[in-house]
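S.K.: Residue numbers (our numbering), protein chains in the order written: chain H, 1 to 82; chain V, 83 to 658. Idealized CB from N, CA, C, for every residue including glycine. All figures in this text were calculated on a predicted structure; none of them were measured in a lab. Below is a structure I'd like to ask you about.
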């Protein structure tokens, strides 16, 4: 189990890096529509970076069905190994 | 040499490429190529290339190659990369009737050659194409290897057909993607999730290695490739220290782990036979170091496999600089191999352009590591390659012999040099193209030609082509110079290409060639010879060549001579 707040802190860094936006702050509700450039291509890069940082793999179903950053964080709290 | 990650490459995309050489690359695929394109652009930055890319959308091979005014052709790429992924081919295979499946490889290959034909009709850009990942669809089990009905059989056959077709098509350069996938392992190379979500057949983490393989070939096509390996001896070419253990004590062949080193020597011997020069740079007494190469029965490499053998107690960087000067090749075309991380670092920090691989700590892994590193990419092979070591060795003998003559002229006379000048012929197309790709220093315009370009030029009446060979009493230099003369209007003969191998420098060969250019102009009724010098980072040595040989400097790198009043420069070379 990983602390949810800690997960968000690390996720935020990854998002800033991937979207090249140091101002970007993600919350539970943040979704693809809220972030400029969050297209399918960026999504894959993002997933790959998150998986690496947290030492886990998302299931394909999860990748497709994750509705917002909160959903991503829920999975990470559950399964992160790093 | 450290492995670069995809996210590092991605960061390069935003960096400033001002002053880098621009290269235009078009990417076409039957799958999603966006991330591959990003990896390529990021990798280009590492090589100081400003990559201008056209990434055709998913599955655009047909329309882009069919329409003469397509974005592909109007983009005017320098290179075209084609990725046909086996995963998609497998889907096609499944939709065919059993009879059609048995001829699947032939069908796909015919289609690919049709793409090549269309591209080649409109552009001279080299076609760089991945070979096919040999997916085992598992339908027939092991038996799949012996029935034409299986996808495994067909995809393996397709790879063979692809190599065969590429061997005959001078504009096509395959990339060994299947080998790379096998090296890193299918489970690492392919991520089914990524494929099903994004139609990408290569895992993100493997993209940097793929980009490297692509640029190995692009760089070789641009004339950047390695020509020489400088080798350490103790614990690199044999186990142990010859100075301490004696010749009988070094581990090579049957002695203990000696097989490791025998196999490494076989690898270097194979490179030597392919035309890569081998040299030794070792901290040792010369006599002790050379003895195993002369007397040890189990050594694979022998004294005459090396162009230079440097064993002394000086620092290695100085010795490597000496080797480079003697061979007269670029530092960036030399690889230094030494087991000792201290020596690696010392040399690396002193010589920026030198390639110094960081060998794995275990000697048994050296060979595999070197094979995977793909340090010796090439885009041509010719019959002359195997003779290269011999030619450089003869050169060393000439240098020694020169010391015994009172004057340089006397020495040149004693060489009994004979040159021939002939129009391009099919037996030499490969060597001629290779020289246009390899020569950097004595090269007036540095125009790179592929073999198909050379063939086209040879057949074109607008050009007069000449290749030159030179031999002397010590041996044959082979084909050492290429000249392409372009017939222009109003009696002008323009020197489109003029290059010479540096190993025959200062023998009178440059005089011989220029005389030949001018006399050819005269014989063909031209009233003006126009030469041009285009400066590169490496060809300063010929900046003054035309003026030194009686041409008039017209400014902007243009030089003129009148063939009817030209004073030919004397030399000691006879024409055969």
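Can you tell me whether residue 111 of chain V is helix, strand or coil according to DSSP?
M.R.: Your numbering for residue 111 of chain V matches position 29 in the second chain. Of the three classes helix, strand and coil, the one that applies to residue 111 of chain V here is strand, per DSSP.
S.K.: Tell me whether residue 80 of chain H sits in a helix, a strand or coil according to DSSP, three-state version.
M.R.: Reading the first chain from its first residue, position 80 is the one you call residue 80 of chain H. Looking at residue 80 of chain H - three-state DSSP - the assignment turns out to be coil, as it is neither helix nor strand.
S.K.: Determine the direct distance from the alpha carbon of residue 403 of chain V to that of residue 248 of chain V, and round the result to whole angstroms.
M.R.: Your numbering for residue 248 of chain V matches position 166 in the second chain. Your numbering for residue 403 of chain V matches position 321 in the second chain. Approximately 38 angstroms between the Cα atoms of the pair.
S.K.: Determine the chain H residues that contact residue 275 of chain V at a beta-carbon separation under 7 angstroms, and present them in chain order.
M.R.: Along the second chain, one-based indexing puts residue 275 of chain V at 193. Ordered by position in chain H, the residues that pass the 7 angstroms Cβ test against residue 275 of chain V are 60 and 63.
S.K.: Who are the Cβ neighbours of residue 305 of chain V in its own chain at under 7 angstroms, not counting the five residues just before and after it?
M.R.: Reading the second chain from its first residue, position 223 is the one you call residue 305 of chain V. 519, 520, 522 and 530.
S.K.: With burial defined as no fewer than 16 other Cβ atoms inside 10 Å of the residue's Cβ, what is the status of residue 167 of chain V: buried or exposed?
M.R.: Taking the first residue of the second chain as 1, we reach residue 167 of chain V at position 85. By the 10 Å Cβ count, residue 167 of chain V comes out buried.
S.K.: Would you give the residue range spanned by the alpha helix (DSSP H) that residue 520 of chain V belongs to?
M.R.: For the purposes of this step, residue 520 of chain V is identified with residue 438 of the second chain, where counting begins at 1. Start and end: 511-520.
S.K.: Taking a Cβ distance cut-off of 9 angstroms, strictly less, list which residues of the stretch 3-23 of chain H are near chain V, in chain order.
M.R.: Listed in sequence order: 17, 18 and 20.
S.K.: Counting only the same chain and skipping the five closest in sequence on each side, list residues whose C-beta sits under 7 angstroms from that of residue 299 of chain V.
M.R.: What you label residue 299 of chain V is simply residue 217 of the second chain in a count that begins at 1. Around residue 299 of chain V: 210, 255, 257, 459 and 461.
S.K.: What does residue 280 of chain V reach in chain H if we use C-beta pairs closer than 9 angstroms?
M.R.: Your numbering for residue 280 of chain V matches position 198 in the second chain. By Cβ distance, chain H contributes 40, 41, 43 and 44.
S.K.: Ignore the nearest five residues each way along the sequence and tell me which others in residue 280 of chain V's own chain have a CB closer than 7 angstroms to its CB.
M.R.: The sequence position of residue 280 of chain V within the second chain is 198, counting from 1. Closer than 7 angstroms at the Cβ level, and outside the excluded window around residue 280 of chain V, lie 114.
S.K.: Could you please give me the residues that DSSP links to residue 320 of chain V through a beta bridge?
M.R.: Indexing the second chain from 1 puts residue 320 of chain V at position 238. DSSP lists V/316 as partners of residue 320 of chain V.
S.K.: Give me the DSSP bridge partner(s) of residue 552 of chain V.
M.R.: In the second chain, counting from the first residue as 1, residue 552 of chain V sits at position 470. Note: residue 552 of chain V sits in a beta bridge opposite V/501 and V/560.
S.K.: Would you list the residues sitting across from residue 417 of chain V in a DSSP beta bridge?
M.R.: Indexing the second chain from 1 puts residue 417 of chain V at position 335. Beta-bridge pairing links residue 417 of chain V to V/311 and V/437.
S.K.: With a 10 Å radius around its C-beta and 16 neighbouring C-beta atoms as the bar for buried, classify residue 347 of chain V as buried or exposed.
M.R.: Locating residue 347 of chain V in the second chain gives position 265, counting from the first residue. Result: buried.
S.K.: In the DSSP assignment, what residue or residues form a beta bridge with residue 566 of chain V?
M.R.: The residue you call residue 566 of chain V lines up with position 484 of the second chain. According to DSSP, which records beta bridges pairwise, residue 566 of chain V is partnered with V/547 and V/579.
S.K.: With a threshold of 8 angstroms between beta-carbons, can residue 80 of chain H be considered close to chain V, or not?
M.R.: The residue you call residue 80 of chain H lines up with position 80 of the first chain. So, not an interface residue.
S.K.: Measure from the C-beta of residue 119 of chain V to each C-beta in chain H and report whether the shortest distance is under 8 angstroms.
M.R.: Start at 1 with the first residue of the second chain, and residue 119 of chain V comes out as number 37. Closer than 8 angstroms: no.
S.K.: Please list, in chain order, the chain H residues whose beta carbon lies closer than 7 angstroms to that of residue 116 of chain V.
M.R.: As a working mapping, residue 116 of chain V is identified with position 34 in the second chain. Ordered by position in chain H, the residues that pass the 7 angstroms Cβ test against residue 116 of chain V are 41.
S.K.: Check the Cβ-Cβ distances between residue 89 of chain V and every residue of chain H, and say whether any is below 8 angstroms.
M.R.: On the second chain, residue 89 of chain V is found 7 positions in, with the first residue counted as 1. Yes - at least one Cβ of chain H is within 8 angstroms of the one on residue 89 of chain V.
S.K.: Beta carbon of residue 69 of chain H, beta carbon of residue 28 of chain H: below 8 angstroms?
M.R.: Start at 1 with the first residue of the first chain, and residue 69 of chain H comes out as number 69. Start at 1 with the first residue of the first chain, and residue 28 of chain H comes out as number 28. It is a contact, given that the beta carbons lie within the stated cut-off.
S.K.: For a quick check, are the C-beta atoms of residue 361 of chain V and residue 389 of chain V less than 8 angstroms apart?
M.R.: Here residue 361 of chain V is taken as the residue at index 279 of the second chain, counted from 1. Here residue 389 of chain V is taken as the residue at index 307 of the second chain, counted from 1. Taking 8 angstroms as the Cβ cut-off, residue 361 of chain V and residue 389 of chain V qualify as a contacting pair.
S.K.: What are the residues in the stretch 286-302 of chain V lying within 7 angstroms of chain H by C-beta distance?
M.R.: Cβ contacts with chain H come from 286.
S.K.: Please confirm whether residue 110 of chain V and residue 142 of chain V have their CB atoms less than 8 angstroms apart.
M.R.: In the second chain, counting from the first residue as 1, residue 110 of chain V sits at position 28. In the second chain, counting from the first residue as 1, residue 142 of chain V sits at position 60. Their beta carbons are under 8 angstroms apart, which means residue 110 of chain V touches residue 142 of chain V by this criterion.
S.K.: Quick one: what's residue 642 of chain V bridged to in DSSP?
M.R.: Start at 1 with the first residue of the second chain, and residue 642 of chain V comes out as number 560. Answer is V/612 and V/634, bridged to residue 642 of chain V.
S.K.: Residue 49 of chain H versus chain V: which residues are under 7 angstroms apart at the beta carbon?
M.R.: Counted from its first residue, the first chain places residue 49 of chain H at position 49. Near residue 49 of chain H (Cβ distances below 7 angstroms), the residues of chain V are 89.
S.K.: Suppose you measure from the CA of residue 1 of chain H to the CA of residue 85 of chain V; what does that come to, to the nearest Å?
M.R.: What you label residue 1 of chain H is simply residue 1 of the first chain in a count that begins at 1. What you label residue 85 of chain V is simply residue 3 of the second chain in a count that begins at 1. Note that residue 1 of chain H scores a pLDDT of 49, beneath 50, so its modelled location is shaky and nothing firm can be said.
S.K.: Looking at residue 251 of chain V: is its Cβ nearer than 8 angstroms to the Cβ of residue 233 of chain V?
M.R.: Residue mapping note: residue 251 of chain V aligns to position 169 of the second chain, counting from 1. Residue mapping note: residue 233 of chain V aligns to position 151 of the second chain, counting from 1. Not in contact: residue 251 of chain V and residue 233 of chain V (Cβ atoms no closer than 8 angstroms).
S.K.: For residue 586 of chain V and residue 625 of chain V, I'd like the C-alpha separation in whole angstroms.
M.R.: Taking the first residue of the second chain as 1, we reach residue 586 of chain V at position 504. Taking the first residue of the second chain as 1, we reach residue 625 of chain V at position 543. Each residue's Cα considered, the two are about 18 angstroms apart.
S.K.: Distance check for residue 464 of chain V and residue 656 of chain V, CA to CA, integer angstroms please.
M.R.: One-based indexing of the second chain puts residue 656 of chain V at position 574. One-based indexing of the second chain puts residue 464 of chain V at position 382. Cα to Cα, the separation comes out at about 26 angstroms.
S.K.: For residue 125 of chain V, which residues from the same chain have a beta carbon less than 7 angstroms from its beta carbon, with the 5 sequence-adjacent residues on both sides left out?
M.R.: The residue labelled residue 125 of chain V in the question sits at position 43 within the second chain. Taken in chain order, the residues that qualify are 91, 290, 293, 294 and 297.
S.K.: What residues in its chain sit with their C-beta under 7 angstroms from that of residue 263 of chain V, if we drop five residues either side in the sequence?
M.R.: As a first step, residue 263 of chain V is located in the second chain; it is residue number 181 there, counting from the start. Hits under 7 angstroms: 215 and 271.
S.K.: I'd like the list of long-range same chain contacts for residue 494 of chain V, defined as Cβ closer than 7 angstroms, with 5 residues on each side in sequence excluded.
M.R.: Position 412 of the second chain, counting from 1, holds the residue named residue 494 of chain V. Result list for residue 494 of chain V: 589, 590 and 654, in chain order.
S.K.: Starting from the C-beta of residue 555 of chain V, find all residues in its chain whose C-beta is less than 7 angstroms away, skip the five residues before and the five after it, and write them out in chain order.
M.R.: Position 473 of the second chain, counted from the first residue, corresponds to residue 555 of chain V. Counting only Cβ-Cβ distances below 7 angstroms, and skipping sequence neighbours, we find 497 and 498.
S.K.: Hey, residue 8 of chain H and residue 73 of chain H are a contact pair by Cβ (cut 8 angstroms); roughly how many whole angstroms apart?
M.R.: Here residue 8 of chain H corresponds to residue number 8 of the first chain, with the count starting at 1. Here residue 73 of chain H corresponds to residue number 73 of the first chain, with the count starting at 1. Confirmed, Cβ separation roughly 6 angstroms.
S.K.: Assuming the contact rule is C-beta atoms closer than 8 angstroms, residue 239 of chain V and residue 180 of chain V should be a hit. Round their C-beta distance to whole Å, please.
M.R.: Locating residue 239 of chain V in the second chain gives position 157, where the first residue counts as 1. Locating residue 180 of chain V in the second chain gives position 98, where the first residue counts as 1. About 16 angstroms; that fails the 8 angstroms criterion.
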